[in-house]
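Number of protein chains: 2
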Amino acid sequence: MPTLYLIPTLLADDTAEQTLPPYIRSVIEKTDAYFVENVRSARRFITGLKTSRVIDETTFFELTKDTPPADTRRQIQEMMERKRNVGVLSEAGCPGVADPGSVVVSMAHTLGWRVEPLVGPSSILLALMASGMNGQSFVFHGYLPIERQDRARALRYLEKEAQDRQQTQIFMETPYRNDALFADVLANCQGNTRICVACNLTGPDAFVRTLTVKEWKTQVPDLRKKPTVFLLL
Amino acid sequence: MPTLYLIPTLLADDTAEQTLPPYIRSVIEKTDAYFVENVRSARRFITGLKTSRVIDETTFFELTKDTPPADTRRQIQEMMERKRNVGVLSEAGCPGVADPGSVVVSMAHTLGWRVEPLVGPSSILLALMASGMNGQSFVFHGYLPIERQDRARALRYLEKEAQDRQQTQIFMETPYRNDALFADVLANCQGNTRICVACNLTGPDAFVRTLTVKEWKTQVPDLRKKPTVFLLL
Numbered sequence: 585m586p587t588l589y590l591i592p593t594l595l596a597d598d599t600a601e602q603t604l605p606p607y608i609r610s611v612i613e614k615t616d617a618y619f620v621e622n623v624r625s626a627r628r629f630i631t632g633l634k635t636s637r638v639i640d641e642t643t644f645f646e647l648t649k650d651t652p653p654a655d656t657r658r659q660i661q662e663m664m665e666r667k668r669n670v671g672v673l674s675e676a677g678c679p680g681v682a683d684p685g686s687v688v689v690s691m692a693h694t695l696g697w698r699v700e701p702l703v704g705p706s707s708i709l710l711a712l713m714a715s716g717m718n719g720q721s722f723v724f725h726g727y728l729p730i731e732r733q734d735r736a737r738a739l740r741y742l743e744k745e746a747q748d749r750q751q752t753q754i755f756m757e758t759p760y761r762n763d764a765l766f767a768d769v770l771a772n773c774q775g776n777t778r779i780c781v782a783c784n785l786t787g788p789d790a791f792v793r794t795l796t797v798k799e800w801k802t803q804v805p806d807l808r809k810k811p812t813v814f815l816l817l
Numbered sequence: 585m586p587t588l589y590l591i592p593t594l595l596a597d598d599t600a601e602q603t604l605p606p607y608i609r610s611v612i613e614k615t616d617a618y619f620v621e622n623v624r625s626a627r628r629f630i631t632g633l634k635t636s637r638v639i640d641e642t643t644f645f646e647l648t649k650d651t652p653p654a655d656t657r658r659q660i661q662e663m664m665e666r667k668r669n670v671g672v673l674s675e676a677g678c679p680g681v682a683d684p685g686s687v688v689v690s691m692a693h694t695l696g697w698r699v700e701p702l703v704g705p706s707s708i709l710l711a712l713m714a715s716g717m718n719g720q721s722f723v724f725h726g727y728l729p730i731e732r733q734d735r736a737r738a739l740r741y742l743e744k745e746a747q748d749r750q751q752t753q754i755f756m757e758t759p760y761r762n763d764a765l766f767a768d769v770l771a772n773c774q775g776n777t778r779i780c781v782a783c784n785l786t787g788p789d790a791f792v793r794t795l796t797v798k799e800w801k802t803q804v805p806d807l808r809k810k811p812t813v814f815l816l817l
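For the record, the sequence lines run as chains A and B.
Position one of the first sequence corresponds to residue 585 (our numbering), numbered consecutively onward.
Position one of the second sequence corresponds to residue 585 (our numbering), numbered consecutively onward.
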């Protein structure tokens with residue numbers, strides 16, 4: 585039965601051995617087409633796994649937040665009629681989480697297609713595991729507002745939710761804005777609120793530290809251009 | 585530097601090749617002690633990976649929801665003084681998520697210990713990927729109330745949160761109560777609310793289906809004793 589495979593990709597270069605189960609290679613051997621955020625990096629990922637798959641016989645459909653849903657629907661219907669196995673790839677980590685991939689998965693369910701999620705690295709899940717915060721009740725918010733006042737308001741709201749519900753609050757930022765976000769966290773949250781910074785996960789210089797706002801103020805980390813997940817409780 | 589490793593275990597029997605990166609074996613080779621929910625299944629998991637590790641030279645500390653935190657703190661401090669690598673294992677899936685593991689991780693941060701999360705299967709994350717629901721805003725609630733009226737109220741609350749925030753709501757149940765929970769979902773949620781059922785993930789009979797409440801009513805699945813994650817949007 586043709587299947588829609590949700591295939592995780594690497595978070596850091598040269599970490600396949602560390603972060604991907606062997607099964608992913610065998611799925612790639614039998615997958616004919618992919619929905620991807622970026623064709624170039626998807627090709628590089630597949631080539632890097634050194635399977636017997638000939639990359640030039642593989643079809644790539646671009647799926648970004650700007651792709652018209654009608655295009656995606658037509659592409660998935662065609663693959664279904666031709667009984668192809670199709671993969672979904674994210675730019676980094678697990679497709680369908682914090683990326684536009686869920687659109688194609690949702691369509692696959694509507695069409696009655698079999699969907700199989702594969703194991704691989706997710707910066708959000710790894711950060712939650714390593715945070716030491718509540719893993720029995722947590723929320724992922726994606727990106728916070730960019731505008732400073734809105735962001736300050738959002739942070740105070742997350743802090744209140746965390747306190748009221750004893751619920752871990754998880755959020756991200758575009759790497760080049762991490763330092764500005766973290767400064768706002770320290771400026772707007774209470775001294776005894778715990779903040780976890782999970783940086784460059786799976787990379788050689790990865791670190792995860794959970795400290796209070798008061799403690800972080802004495803040792804502000806350099807997060808510039810480093811993919812980072814933030815958690816608050 | 586001694587490290588606290590967060591080591592995922594299998595969700596279904598005989599799926600190491602499919603769900604664990606090779607790196608996990610090399611971490612187990614160099615880990616001397618573990619915090620585990622259940623010593624017997626932890627030993628079975630480690631033995632099953634067929635590393636060179638001699639299981640009788642490995643120390644196991646039980647860490648359940650009833651373990652006194654003072655015991656855990658004493659154990660982790662002793663391991664730290666002896667500069668041991670320590671692992672945390674959950675009964676199934678990723679430690680620190682939907683289990684009592686976060687207690688030891690939190691203590692490790694307080695003591696300044698290095699924490700490294702490893703990649704492996706999480707039924708929550710796999711279910712979210714495969715649901716086709718919003719992966720940019722989601723909440724995990726753990727278990728819902730057991731008492732029927734409380735549970736009905738909780739379900740209606742989740743449905744309202746999903747609508748108001750366009751946020752995927754994720755919850756679980758003890759496998760032998762799955763059918764009762766699912767009946768309550770169908771009885772209390774609106775016809776066009778989407779429900780994803782992610783059942784026996786990574787197992788040979790795994791399935792993930794997202795349908796509306798109205799559609800599920802015509803094809804109620806048998807979920808008895810099958811580990812299942814439920815998602816609502």
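Ideal placement from N, C-alpha and C gives every residue a C-beta, glycine not left out.
From the DSSP output, which residues share a beta bridge with residue i?
i: G671 (chain A); result: A:Y589 and A:Y618
i: G677 (chain A); result: A:T593
i: M717 (chain A); result: Per DSSP, none; premise fails for M717 (chain A).
i: V781 (chain B); result: B:R793 and B:F814
i: R698 (chain A); result: A:T587
i: V723 (chain A); result: A:Q753 and B:V723
i: F644 (chain B); result: B:Y618
How should residue i be labelled, buried or exposed, when 16 other C-beta atoms within 10 angstroms of its C-beta is the threshold for buried?
i: G677 (chain B); result: buried
i: T694 (chain A); result: exposed
i: Y760 (chain A); result: exposed
i: T631 (chain A); result: exposed
i: S636 (chain B); result: exposed
i: R735 (chain B); result: buried
i: P605 (chain B); result: buried
i: D683 (chain B); result: buried
i: E731 (chain A); result: exposed
i: T758 (chain A); result: exposed
i: S690 (chain B); result: buried
i: R658 (chain B); result: exposed
i: V623 (chain A); result: exposed
i: M717 (chain B); result: buried
i: S715 (chain B); result: buried
i: V638 (chain B); result: exposed
i: Q751 (chain A); result: buried
Relative to the C-alpha of residue i, which residue among the options is closest?
i: L710 (chain B); options: A:V681, A:A714, A:Q720 and A:D748; result: A:V681
i: F644 (chain A); options: A:L633, A:D789, A:E621 and A:R658; result: A:E621
i: T794 (chain B); options: A:T648, A:V638, A:K649 and A:V688; result: A:V688
i: L590 (chain A); options: A:V723, A:G685 and A:R778; result: A:G685
i: A607 (chain B); options: A:Y607, A:Q602 and A:I608; result: The question names Ala, yet the displayed sequence has Tyr at residue 607 (chain B). Per the Cα distances, A:Q602.
i: G787 (chain A); options: B:V638, B:E700, B:K667 and B:T648; result: B:E700
i: T648 (chain A); options: A:E675, A:M664, A:E662 and A:R628; result: A:E675
i: K801 (chain B); options: B:F766, B:D789, B:F791 and B:A790; result: B:F766
i: L728 (chain B); options: B:A764, B:R698, B:N718 and B:L588; result: B:A764
i: F722 (chain B); options: B:D748, B:M664, B:R732 and B:V638; result: B:D748
i: R628 (chain B); options: B:G719, B:N762, B:M713 and B:L594; result: B:L594
i: Q720 (chain A); options: B:N718, B:M717, B:I708 and B:A714; result: B:I708
i: N762 (chain A); options: A:F619, A:G716, A:T642 and A:P805; result: A:P805
i: M713 (chain A); options: A:D768, A:F791 and A:L588; result: A:F791
i: A596 (chain A); options: A:L807, A:D789, A:Q803 and A:E641; result: A:D789
i: L588 (chain B); options: B:L815, B:I639, B:W697 and B:L816; result: B:W697
i: R666 (chain A); options: A:M585, A:A626 and A:T599; result: A:M585
So, with DSSP's three-state summary, where would you put residue i?
i: E753 (chain A); result: Checking the displayed sequence, the identity of residue 753 (chain A) turns out to be Gln instead of Glu. Looking at Q753 (chain A) - three-state DSSP - the assignment turns out to be strand.
i: R808 (chain B); result: coil
i: R624 (chain A); result: helix
i: D683 (chain B); result: coil
i: Q659 (chain B); result: helix
i: K798 (chain A); result: helix
i: V638 (chain A); result: coil
i: K744 (chain B); result: helix
i: V703 (chain A); result: coil
i: M598 (chain B); result: Per the sequence presented here, residue 598 (chain B) reads as Asp, with Met not at that position. Coil at D598 (chain B), not helix or strand.
i: E613 (chain A); result: helix
i: G775 (chain A); result: coil
i: D650 (chain A); result: coil
i: E731 (chain A); result: coil
i: G632 (chain A); result: helix
i: L709 (chain B); result: helix
i: P759 (chain A); result: helix
**Request:** Examine the Cβ distances between the segment 703-712 of chain B and the segment 649-656 of chain B and report whether three or more of them are shorter than 8 Å.
**Result:** no
**Asked** Quick check: the segment 770-778 of chain A against the segment 742-755 of chain A, are there 3 or more CB pairs under 8 Å?
**Response** yes
**Request:** Report yes or no: do the segment 664-677 of chain A and the segment 609-624 of chain A share at least 3 C-beta pairs separated by less than 8 Å?
**Result:** yes
**Asked** Touching or not, the segment 809-816 of chain B and the segment 781-788 of chain B, by the rule of three or more beta carbon pairs under 8 Å?
**Response** yes
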